[in-house]
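Reviewing the structure listed below.
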Amino acid sequence: MPALSKSALTWIALWTVYVIWGSTYFAIAYVIETMPPLLSMGIRFLIAGILLTLIIGITRGFNEMNVPRVEIATSSILGFVLLGFGLGNVAVAEQHVPSGIVALIIAALPLWIGIFRFISGERPSGRSWTGLAIGFIGVALLLKPGSVQSVSGEGASTVVFYMFMVLIGNIGWALGTFLAPRFQLPKNALVFTAYELMAGGVSLTLAGFIKGEKLSDFLDGSSWSWLWFVYLVIFGSIIAYSAYLWLVQNAPVSLTATYAYVNPVIAVALGAIFLDEVITTSYAIGGMIIVLGVLVVVSAESRKPKEITGQ
Numbered sequence: 006m007p008a009l010s011k012s013a014l015t016w017i018a019l020w021t022v023y024v025i026w027g028s029t030y031f032a033i034a035y036v037i038e039t040m041p042p043l044l045s046m047g048i049r050f051l052i053a054g055i056l057l058t059l060i061i062g063i064t065r066g067f068n069e070m071n072v073p074r075v076e077i078a079t080s081s082i083l084g085f086v087l088l089g090f091g092l093g094n095v096a097v098a099e100q101h102v103p104s105g106i107v108a109l110i111i112a113a114l115p116l117w118i119g120i121f122r123f124i125s126g127e128r129p130s131g132r133s134w135t136g137l138a139i140g141f142i143g144v145a146l147l148l149k150p151g152s153v154q155s156v157s158g159e160g161a162s163t164v165v166f167y168m169f170m171v172l173i174g175n176i177g178w179a180l181g182t183f184l185a186p187r188f189q190l191p192k193n194a195l196v197f198t199a200y201e202l203m204a205g206g207v208s209l210t211l212a213g214f215i216k217g218e219k220l221s222d223f224l225d226g227s228s229w230s231w232l233w234f235v236y237l238v239i240f241g242s243i244i245a246y247s248a249y250l251w252l253v254q255n256a257p258v259s260l261t262a263t264y265a266y267v268n269p270v271i272a273v274a275l276g277a278i279f280l281d282e283v284i285t286t287s288y289a290i291g292g293m294i295i296v297l298g299v300l301v302v303v304s305a306e307s308r309k310p311k312e313i314t315g316q
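6 is the number of the first residue of the sequence shown in this note's numbering; add one for each residue after it.
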């Protein structure tokens, strides 16, 4: 069997990131149907981090994980901020907010990074400013009370509150992403990811116990929730991220960056088809405006170094 060309591998990796990362919000919704949100996500990341460590150890030797303490510390801090705070808010919010809406709010990440760049003294291009303005109009429309129907049956105020929680978590994710290049991190991206996953897992697991979530409730989750939990561990946290890292190293940044506006489209479609999430007019228009704004910003910033991200 002939070896795949680099072009073929690029598109396989790209669609792996598109589909898997786009489906993580849909998968989380199924997991938290019968499992406590913080505890399930915490254990997910802990298992993924341990599995990734084993993969690194088997393929490169466990000495690869022996990096300076400062690199472990910075990786752990990013794990607390990005996964612990950012994804923790997502898991809790999806009890009330449609998964597609959560994905669209997360898609606004490049907009917040653009704001942090401006605050730090950088001067975005006119095209970037245009994209930021478009994107924030979409976010405002999406967050307008009554724009989104709750999946839990709660009132509009509850939905808006949890949407803002996702937004705050996304701003924290953007801040961590923006600051990451200024930190001393492991040179091996997989080693960084392993420490980040384990740190995020520890913080979410502790947060779950503090909130009163019980391990027995996690273990008693339905077989359907367990199926999607395993999917998140293996596909969402390991396979998709490995594909993403391959793209960062082998594909044009402008092509890799397209995941930022393809993922939310896939997430919205999956939520509507399989979770019966209602797409209101404001939801549809706001979502399209956000994706358009992100597309403009990402295309304007595509020549800059790639930031650290992931699901």
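The beta-carbon is built from N, C-alpha and C at its ideal position, and this holds for glycine as well.
*Pair within 8 Å by beta-carbon distance, Ala-248 and Val-22*: As a working note, residue 248 is residue 243 in the sequence shown. As a working note, residue 22 is residue 17 in the sequence shown. A contact, by the Cβ cut-off of 8 Å.
_Looking only at its chain, what residues have a beta carbon closer than 6 Å to the beta carbon of Ile-52, apart from the 5 residues adjacent to it on each side?_
In the sequence shown, counting from the first residue as 1, residue 52 sits at position 47. Answer for Ile-52: Val-238, listed in chain order.
*Does the Cβ-Cβ distance between Gly-276 and Gly-105 come in under 8 Å?*
Translated into the one-based positions of the sequence shown, residue 276 becomes position 271. Translated into the one-based positions of the sequence shown, residue 105 becomes position 100. Yes, Cβ-Cβ distance for Gly-276 and Gly-105 is below 8 Å.
_For Ser-152 and Met-168, I'd like the C-alpha separation in whole angstroms._
For the purposes of this step, residue 152 is taken as residue 147 along the sequence shown, with counting starting at 1. For the purposes of this step, residue 168 is taken as residue 163 along the sequence shown, with counting starting at 1. Roughly 11 Å separates the two Cα atoms.
*Are the CB atoms of Ala-161 and Glu-99 nearer to each other than 8 Å?*
Locating residue 161 in the sequence shown gives position 156, where the first residue counts as 1. Locating residue 99 in the sequence shown gives position 94, where the first residue counts as 1. No, the pair does not count as a contact, with Cβ atoms beyond the cut-off.
*asked:* Please report the distance separating the alpha-carbon of Pro-41 from that of Leu-87.
replied: Along the sequence shown, read from residue 1 onward, the residue named residue 41 stands at position 36. Along the sequence shown, read from residue 1 onward, the residue named residue 87 stands at position 82. Their backbone Cα atoms lie some 20 Å apart in a straight line.
*When the Cα of Ser-28 is compared with those of Gly-292, Ile-284, Ser-242, Thr-58, which residue comes out closest?*
As a position in the sequence shown, residue 28 is number 23, starting the count at 1. Among Gly-292, Ile-284, Ser-242, Thr-58, the Cα nearest to that of Ser-28 is on Ser-242.
*Decide if the segment 60-69 is in contact with the segment 248-262; the criterion is three or more beta carbon pairs, one per stretch, under 8 Å apart.*
By the criterion of at least three beta-carbon pairs nearer than 8 Å, the segment 60-69 is not in contact with the segment 248-262.
*Could you spell out where the alpha helix (DSSP H) holding Asn-175 opens and where it closes?*
Counted from its first residue, the sequence shown places residue 175 at position 170. Taken as a continuous stretch (DSSP letters only), the alpha helix (DSSP H) holding Asn-175 covers 161-184.
*When the Cα atoms are used, what is the spatial distance from Ala-245 to Tyr-30?*
Along the sequence shown, one-based indexing puts residue 245 at 240. Along the sequence shown, one-based indexing puts residue 30 at 25. Rounded to the nearest whole angstrom, the CA to CA distance from Ala-245 to Tyr-30 is 14 Å.
*Can you round the beta-carbon distance between Ala-13 and Ser-130 to whole angstroms, since I take them to be within the 8 Å contact cut?*
As a position in the sequence shown, residue 13 is number 8, starting the count at 1. As a position in the sequence shown, residue 130 is number 125, starting the count at 1. No, Ala-13 and Ser-130 are not in contact; Cβ-Cβ is about 34 Å, not under 8 Å.
*From the DSSP output, in three-state form, read off Met-46 for me.*
For this step, residue 46 is matched to residue 41 along the sequence shown. Note: Met-46 maps to helix in three-state DSSP.
*Drop a sphere of 10 angstroms on the beta-carbon of Gln-127, count the other beta-carbons inside from all chains shown, and report buried for 16 or more, exposed for fewer.*
What you label residue 127 is simply residue 122 of the sequence shown in a count that begins at 1. Correcting the residue identity first, residue 127 is Glu in this sequence and not Gln. Exposed, since its Cβ has fewer than 16 Cβ neighbours within 10 Å.
*Give the straight-line distance between the Cα atoms of Leu-147 and Thr-261, rounded to the nearest whole angstrom.*
Here residue 147 is taken as the residue at index 142 of the sequence shown, counted from 1. Here residue 261 is taken as the residue at index 256 of the sequence shown, counted from 1. Spanning the two alpha carbons is a distance of roughly 26 Å.
*Where does Trp-20 land, buried or exposed, given buried means 16+ other C-beta within 10 angstroms?*
As a first step, residue 20 is located in the sequence shown; it is residue number 15 there, counting from the start. Exposed, since its Cβ has fewer than 16 Cβ neighbours within 10 Å.
*Can you list, in chain order, the residues of its chain whose CB lies under 8 Å from that of Thr-79, leaving out five sequence neighbours each side?*
Looking up residue 79 in the sequence shown gives position 74. Short of 8 Å from the beta carbon of Thr-79, and not among the five residues preceding or following it, lie these beta carbons of its own chain, in chain order: Phe-188, Gln-189, Leu-190.
*Measure the Cβ-Cβ separation of Thr-198 and Ile-48 and say whether it is below 8 Å.*
Walking along the sequence shown from the start, residue 198 turns up at place 193. Walking along the sequence shown from the start, residue 48 turns up at place 43. No; because the gap between Cβ atoms is not below 8 Å, this pair is not in contact.
*Contact under 8 Å by Cβ, Gly-84 with Glu-201*: The count along the sequence shown starts at 1 and reaches residue 84 at position 79. The count along the sequence shown starts at 1 and reaches residue 201 at position 196. Yes, Cβ-Cβ distance for Gly-84 and Glu-201 is below 8 Å.
*When the Cα of Leu-59 is compared with those of Ile-294, Met-203, Glu-159, which residue comes out closest?*
Here residue 59 is taken as the residue at index 54 of the sequence shown, counted from 1. Checking every option, the nearest Cα to that of Leu-59 belongs to Met-203.
_Applying the 10 Å Cβ sphere with the 16-neighbour rule, what's the burial state of Trp-229?_
The count along the sequence shown starts at 1 and reaches residue 229 at position 224. Exposed, because fewer than 16 other Cβ atoms sit within 10 Å of the Cβ of Trp-229.
*Pull up the distance between the alpha-carbon of Thr-64 and that of Val-283, whole angstroms please.*
Here residue 64 is taken as the residue at index 59 of the sequence shown, counted from 1. Here residue 283 is taken as the residue at index 278 of the sequence shown, counted from 1. Distance from the CA of Thr-64 to the CA of Val-283, rounded to the nearest whole angstrom, comes to 46 Å.
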